[in-house]
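Numbering (my numbering), first residue to last: 29 to 304. A virtual CB, placed ideally from N, CA and C, is assigned to each residue, including glycine. One structure below.
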């Protein structure tokens, strides 16, 4: 097993790392400890995370949450490798962020993760674009937004911890199928057959683990891919929409605006301004 760690920025209160791990099912998990509070966006791959705050199967679009000093364990039971954008916050920074969260009594995370949710898409996409663009200023901006969001807590996906290992394997494989080609992702019955379960059981378990139904996750994956291309290339918006699986430009524009709060052209202009 190897872990490639690339420090993108480091300030008095913050360190941001691009982490690429190649651990797989045959690598034994071992106990580690968070030196600082941590929020990590899972960009690709899947792994199971356990800490004192709970356990979860993390998939792309979900966020690992770690409290300073807490012990944890990661295991890649379903396939090899993952990539995370990891934000580490020192105590003063954490306290400052906690002060801005209404009703928060302690500057700690109450759950082990934030599940993938459509509402998180704009912020997570912006952070990943900042990583790809090596934009330290935008990364720092995203870091503090993400910390406040995580401390405020999306509702934890409590059902994920009760999913059996076999069902976890099935959902991890389904997510992998979707993420490989979100533009041509198969339907529910095909996905369920591919992971050897019934459509009903697949639907119920997928939402438990991932935090949203399969159809919504496919849309999430398509919009994520489209947003990154819009922000980092000058490719035609219509071509990006078709490449990412949207049948027509009007449908894409409507879905994009619903997720990001602006039209694709406005998003491109905004992201280009933030780069200067």
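- Taking C-beta atoms under 8 Å as the contact rule, residue 93 and residue 70 fail to qualify, at a distance of about 12 Å.
- In the three-state scheme derived from DSSP, where H, G and I count as helix and E and B as strand, residue 84 is classed as strand.
- Of the candidates 240, 261, 64, 173, 64 places its Cα closest to the Cα of residue 100.
- For residue 31, the CB contacts under 7 Å within the same chain, skipping 5 residues up- and downstream, are 47, 49 in chain order.
- The three-state reading of DSSP puts residue 128 in coil, since its state is none of H, G, I, E or B.
- Linking residue 97 to residue 219 through their CA atoms gives a straight-line distance of about 40 Å.
- For residue 50, the three-state secondary structure derived from DSSP is coil.
- By DSSP's assignment, residue 290 forms no beta bridge with any residue.
- Note on residue 223: 16 or more other CB atoms within 10 angstroms of its CB, so buried under the neighbour-count rule.
- Residue 76 is positioned such that its CB atom lies closer than 7 Å to that of residue 105.
- Contact between residue 274 and residue 280 is confirmed by a C-beta separation of about 4 Å, below the 8 Å threshold.
- With respect to the C-alpha of residue 116, the residue from 152, 73, 66, 286 having the closest C-alpha is 66.
- A contact is defined here as three or more CB-CB pairs under 8 Å, and the segment 227-242 fails this definition with respect to the segment 112-131.
- 234 is the residue among 240, 163, 234, 102 whose C-alpha sits nearest the C-alpha of residue 191.
- Rounded to whole angstroms, the Cβ separation of residue 249 and residue 216 is 15 Å, and the two are not in contact under 8 Å.
- Judged by DSSP secondary structure, residue 35 falls within the beta strand (DSSP E) whose first and last residues are 31-38.
- Excluding five sequence positions before and after residue 91, the CB atoms of its chain that fall closer than 8 Å to its own CB belong to 67, 68, 69, 70, 141, 142, 148, 152, 174, 178, given in chain order.
- Annotation for residue 136: 95 place their beta carbon closer than 6 Å to its own, counting only its chain and skipping 5 residues before and after.
- Going by DSSP, residue 67 is part of the beta strand (DSSP E) stretching over 65-73.
- Cβ contact annotation for residue 241 (same chain, cutoff 8 Å, sequence separation greater than five): 231, 234, 235, in chain order.
- Spanning the alpha carbons of residue 202 and residue 245 requires a straight line of approximately 11 Å.
- Considered as a whole, the segment 171-223 harbours 193-208, 216-222 as its complete alpha helix (DSSP H) runs of no fewer than 4 residues, in chain order.
- Annotation: the continuous beta strand (DSSP E) that includes residue 116 extends over 110-117.
- Our two residues, residue 194 and residue 53, have alpha carbons roughly 13 Å apart in a direct line.
- The continuous beta strand (DSSP E) containing residue 94 extends over residues 91-94.
- In the three-state reduction of the DSSP assignment, residue 278 falls in the helix class.
- Our two residues, residue 264 and residue 120, have alpha carbons roughly 44 Å apart in a direct line.
- Setting aside the 5 residues that flank it on each side, residue 57 is surrounded in the same chain by 101, 102, 103, each with a C-beta closer than 7 Å to its C-beta; the list follows chain order.
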